[in-house]
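Here's the structure we're looking at; comments come further down.
The structure is reproduced here in structure tokens:
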């Protein structure tokens, strides 16, 4: 039996390839218009086929969140890789092995202790790395502030130890917390200005800083200009999700990832249909809980993708989802969604939902289904 | 280099085998004392080694949440398997294939439509299954109420279609919502009484009902007696987690699962240490958020497992965790947890955290580390 949308066993992660392609091309065209290179973050899908589509559209290099991703994508032929999590010293042997096999791997650092440890490692193993300095432009996580003296101290340690000074990078992850165009434009400008300032300080102090790398999906889609920036990174834009919809950077019908599920029971007096997609299929991500519209564990759509407004996955156990109307009790739930009904659920967070699945069912324009493996672990 | 607790690359899921063994033996001894058989739910760890320890301690058969689990554990030599999610018709060919290979697989059903569909499938493929009827004893999810007329209707359909009437099963999942011994004893008694009542109704109507199966970790550990029950199921008890600690059925030092992580940065003015265990390593589960003690994304311990009271993973991005003191800003965070410090984080929810990892590092009494694979997907 040929696999089709109607026969694939549930629960399954589905990628609408047309939507994905549209999202990828839109972002690339925007970056081309800004005159910056684009380095997609491949942690969202961890899937060679998705990344090949990004590269084919014009992406230059990739961003990864684990050395496992670096290894997998390097094996698939991609050499220009930014490992965008502050390097920890125990991971240096593995990073070095990748470099020695020909990978153009760039590491990031945001503190003096790690810079010294890099220096020690380099001396011990006669190794050099290309290192970028991580800048904190919004206080949400890691990095050093653009005007922090530490910036120059780190640069000095790296330069003296013979590391290649690749540039600066920042990620304004707090952009996920906003939902108006004005606020998004402001955080995008803050991200840009902070990274550019850090680069200027490095250059004025005599250090090389060829790359100024910024990005998050909301800021990449909201920036008014990118003066001084050389490259942009973004990840979730390729698939999008309900969190991004609430942020305001995609429509519901831009969301390219969903989970196909089957109705397996009802609790009529409560207005519940029970489906075979629980949190194991959707992830435990409740990212829309604190946003303007809470979609529970996901937005319910028909099997062909039509949004069923008001119907959400209101609860989830490991392999059971509770489907109900967000507003009122639907006492007709059993007739509306009979046993065996197949549905699509749009996820809160594409990165988290994808991570629950060993592969994607990639649905093409002609309704054929291709199986795209994805990997996990570290 | 031999893998040890101090060298295993982070983030990694660690099982303290002594704690696990103690948890398994304690539960089995309790069930033995009640004179009931014990059928562990293997969805928590999805790991052959963990389940072998459960079987060695005296478990009889297993409970699974997916057919993938059934296939994997059957391949490992376990034949008596309860698939404890309402069967959906599209999965029957795969269930039948397992039975034909010699698996003693039991299915569950809680509605007339599925019973009819089972009958149709049976006639078409000349197949019979052992079927248990799912009973709803606490309104938290699936099942039919013990006094619902549908119970006898389903039994009649199954009997007439030649299916083997295995018995009744229930899971009082709402037990997770309580945290006093009195409330837990009450929900355990409600679970027991509901299942026994359903079995009595079936037997009085002339149907066979050999098995009366109940269970959840909190009720299994709280029941005062199990009269009329023939078997108990529980899953998370083998590893435990912070949610179970808040429920009150385990101490912190009973928790056998943790995530090993490394400090990779600081934000001193905020009192943050940044670690390399984000939500990809911990899961997005925030199950303690609405409980008496909110542990954020996890409780921080030293590498050797000593609880560092007050220190939690207060935030998590995909590969970054934010470690801070839950009460006050620790301005000495950089000296307390220098770059490279290795820590253990106890998880909110063992089932969800385990699912993020391809394998466990199993730490034995002699401090040796064994790698125990786990699987995922459907």
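Protein chains in written order, with the UniProt record's numbering: chain V, 1 to 378; chain Z, 1 to 378.
Think of the CB as a built atom: it goes at the ideal place given N, C-alpha and C, for glycine as much as any other residue.
Only counting the same chain, and skipping five residues up and downstream in sequence, which positions put a Cβ closer than 6 Å to that of residue i?
i                      : result
residue 278 of chain Z : 316, 317, 318, 319, 320, 321
residue 138 of chain Z : 172, 174
residue 250 of chain V : 240, 244
residue 349 of chain Z : 241, 243, 285, 287
residue 12 of chain V  : 260, 361
residue 184 of chain V : 178, 218, 222
residue 117 of chain V : 89
Could you check which residue in the options has the C-alpha nearest to that of residue i?
i                      : options                    : result
residue 114 of chain V : Z:263, Z:368, Z:345        : Z:263
residue 111 of chain V : V:54, V:244, V:203, V:134  : V:134
residue 282 of chain Z : Z:61, Z:242, Z:250         : Z:242
residue 131 of chain V : V:247, V:214, V:310, V:157 : V:157
residue 50 of chain V  : V:361, V:326, V:367, V:377 : V:361
residue 340 of chain Z : V:329, V:90, V:77          : V:90
residue 336 of chain Z : Z:273, Z:149, Z:353, Z:48  : Z:273
residue 19 of chain Z  : Z:255, Z:224, Z:33, Z:211  : Z:255
residue 121 of chain V : V:26, V:93, V:301, V:378   : V:93
residue 33 of chain Z  : Z:197, Z:58, Z:62          : Z:58
residue 306 of chain Z : Z:253, Z:54, Z:365, Z:119  : Z:253
residue 280 of chain V : Z:351, Z:182, Z:338        : Z:351
residue 331 of chain V : V:268, V:365, V:356        : V:268
Could you tell me whether the Cβ of residue i comes closer than 7 Å to any Cβ of chain V?
i                      : result
residue 50 of chain Z  : no
residue 85 of chain Z  : yes
residue 340 of chain Z : yes
residue 320 of chain Z : yes
residue 155 of chain Z : no
residue 97 of chain Z  : no
residue 43 of chain Z  : yes
residue 209 of chain Z : no
residue 81 of chain Z  : no
residue 348 of chain Z : no
residue 276 of chain Z : yes
residue 363 of chain Z : no
residue 142 of chain Z : yes
residue 216 of chain Z : no
residue 161 of chain Z : no
residue 65 of chain Z  : yes
residue 265 of chain Z : yes
residue 377 of chain Z : yes
residue 5 of chain Z   : no
Spatial neighbours of residue i within its chain, please: CB distance less than 7 Å, with the 5 preceding and 5 following residues excluded, ordered by chain position.
i                      : result
residue 207 of chain V : 155, 159, 165
residue 96 of chain V  : 125, 127
By Cβ distance, which residues of its chain are closer than 8 Å to residue i, with the 5 residues on each side in sequence left out?
i                      : result
residue 1 of chain V   : The predicted position of residue 1 of chain V is uncertain, since its pLDDT is 48 and thus under 50; a value taken from the coordinates is nonetheless stated next. Excluding sequence neighbours, residue 1 of chain V sits near 7.
residue 201 of chain V : 146, 147, 151, 152
residue 363 of chain V : 5, 14, 15, 16, 17, 369
residue 213 of chain V : 39, 82, 132, 167, 168, 169, 170, 195, 229, 230, 231, 232, 233
residue 64 of chain Z  : 41, 42, 43, 70, 73, 81, 82, 83, 84
residue 179 of chain Z : 246, 247, 248, 291, 292
residue 60 of chain Z  : 37, 38, 39, 80, 231
Using a Cβ cut-off of 7 Å (strictly closer), state whether residue i contacts chain Z.
i                      : result
residue 260 of chain V : no
residue 283 of chain V : yes
residue 114 of chain V : yes
residue 88 of chain V  : yes
residue 352 of chain V : yes
residue 110 of chain V : yes
residue 358 of chain V : yes
residue 296 of chain V : no
Give the C-beta separation of residue i and residue j to the nearest angstrom, bearing in mind that I take them to be a contact with Cβ-Cβ under 8 Å.
i                      : j                      : result
residue 237 of chain V : residue 219 of chain V : At roughly 11 Å, the Cβ-Cβ gap does not stay under 8 Å, so residue 237 of chain V and residue 219 of chain V are not in contact.
residue 373 of chain Z : residue 358 of chain Z : 7 Å
residue 288 of chain V : residue 343 of chain V : With 8 Å as the limit, residue 288 of chain V and residue 343 of chain V do not qualify as a contact, their Cβ atoms being about 18 Å apart.
residue 265 of chain Z : residue 142 of chain V : 5 Å
residue 345 of chain Z : residue 299 of chain Z : 7 Å
residue 46 of chain Z  : residue 354 of chain Z : 7 Å
residue 226 of chain V : residue 275 of chain V : Wrong, their Cβ atoms sit about 43 Å apart, outside the cutoff.
residue 62 of chain V  : residue 78 of chain V  : 6 Å
residue 24 of chain Z  : residue 53 of chain Z  : 6 Å
Give, in chain order, every unbroken run of the beta strand (DSSP E) that is at least 3 residues long and sits entirely within the segment 74 to 137 of chain V. 80 to 83, 104 to 109, 130 to 135
Ordered list of alpha helix (DSSP H) runs contained in the segment 200 to 270 of chain V, each at least 4 residues: 217 to 220, 242 to 247
Ranges of the alpha helix (DSSP H) found wholly within the segment 281 to 319 of chain Z, counting only runs of at least 4: none
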